[in-house]
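Notes follow once the structure below has been shown.
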Amino acid sequence: WQGFVPYTDRVDYLAAMNANWAYCLAVEDMLGTEVPERAQYLRVIAGELNRISSHLVGIGAADMDMGAITPFVHLLREREYINDLLEMMCGARLTYNYYSIGGVHYDLPAGLLEKITGFLDHLEVAVEQIHRLVTYNQIFINRFANVAIVSADMAMDYNLVGPNLRGSGVKYDVRRDKPYSIYPKLDFEVPVGTGSVGTIGDCYNRYFVRVEEIRESIKILRQCVQQIPE
């Protein structure tokens with residue numbers, strides 16, 4: 003069972019931590035295994051950092067497909083900072099094999115929480131730069147708003163998940179609605195498409211939800227840094 007964890011890294015090259023996590027949760031549920039609280043916090047820290055990293059690539063690649071190269075370069079830079087942090091946690095930058103059945107492989111190295119806090123301070127500024135560079139750019143709006151509209155009903159019928167589902171206005175997030183780990187102890191919002199620009203369920207709303215989810219992950223990570231037990 004433990005030997006299969008590295009295969010789950012390959013399920014999602016952008017968010018491999020969360021693929022590790024889902025598999026370990028399933029095996030732990032089957033075995034009735036209790037995970038220590040500190041390990042639960044380490045899992046959330048790794049998972050939320052990886053979520054941000056995944057969203058940065060998703061946003062940047064969408065910008066590039068739309069015809070804008072510059073945002074992708076900026077967002078990859080931020081992802082590299084996250085890769086540095088994850089490498090300090092587990093020694094890897096793409097396929098991690100960090101989660102184990104019953105916890106995680108390594109405790110935090112000295113000083114990493116301070117480095118994470120410093121990165122979050124930097125990232126909050128970078129998110130505002132994303133908004134200035136992309137979100138309110140009229141060319142970007144013209145090419146993304148009212149394109150590929152997926153209604154809430156269609157999103158449910160086609161089993162969309164994550165920000166693609168929430169971009170259609172469906173306020174559902176398993177971290178809140180089917181809670182696991184220490185998420186019930188954390189305060190965060192579930193962003194959804196609002197149609198403030200374009201139409202609920204269009205490309206623009208799916209983009210905007212991802213940016214707002216980065217903000218929420220920053221909030222979650224700050225709480226974890228403050229609350230993690232010795």
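Residues in the sequence shown are numbered from 3 upward in steps of one, following our numbering.
No residue lacks a Cβ here, since even glycine has one placed at the ideal position from N, Cα and C.
Computed from a predicted structure; not experimentally measured.
Residue i classed as buried or exposed, judged by whether at least 16 other C-beta atoms fall within 10 angstroms
i	result
D65	buried
M156	exposed
E215	buried
E130	exposed
R212	buried
I71	exposed
Y9	exposed
V176	exposed
F6	exposed
G200	buried
S219	buried
L88	buried
Y101	buried
R53	buried
P73	buried
As assigned by DSSP and simplified to three states, the class of residue i
i	result
Y206	helix
G105	strand
V29	helix
V152	coil
S183	coil
V163	coil
E215	helix
V172	coil
T35	coil
D189	coil
A157	helix
D11	helix
L16	coil
T137	helix
R177	helix
R95	coil
Proximity of residue i and residue j at Cβ, strictly below 7 angstroms
i	j	result
D31	A21	no
L51	G62	no
A128	E80	yes
M19	Y98	yes
I151	D204	yes
Y206	A154	no
M90	L114	yes
V75	L16	no
R208	G164	no
F142	V136	yes
P231	E39	yes
G93	V37	no
L122	L188	no
Own chain partners of residue i with C-beta closer than 7 angstroms, once the 5 adjacent residues on each side are dropped
i	result
S183	Q42, R45, V46
V227	L115, I118, T119
Span of the alpha helix (DSSP H), counted from its first residue to its last, around residue i
i	result
F6	Unbroken run through F6: none, as it is neither H nor E.
S55	39-68
G197	Unbroken run through G197: none, as it is neither H nor E.
I118	114-132
F142	140-146
T72	72-92
Proximal residues to residue i (C-beta, below 8 angstroms), its chain only, five neighbours per side dropped
i	result
N166	V152, A157, R208
I103	W3, Q4, V7, C26, V29, E30, L33, T35
A24	T10
K173	V192, V194
Cβ neighbours of residue i in the same chain (closer than 6 angstroms, five flanking residues each side left out)
i	result
R145	M68
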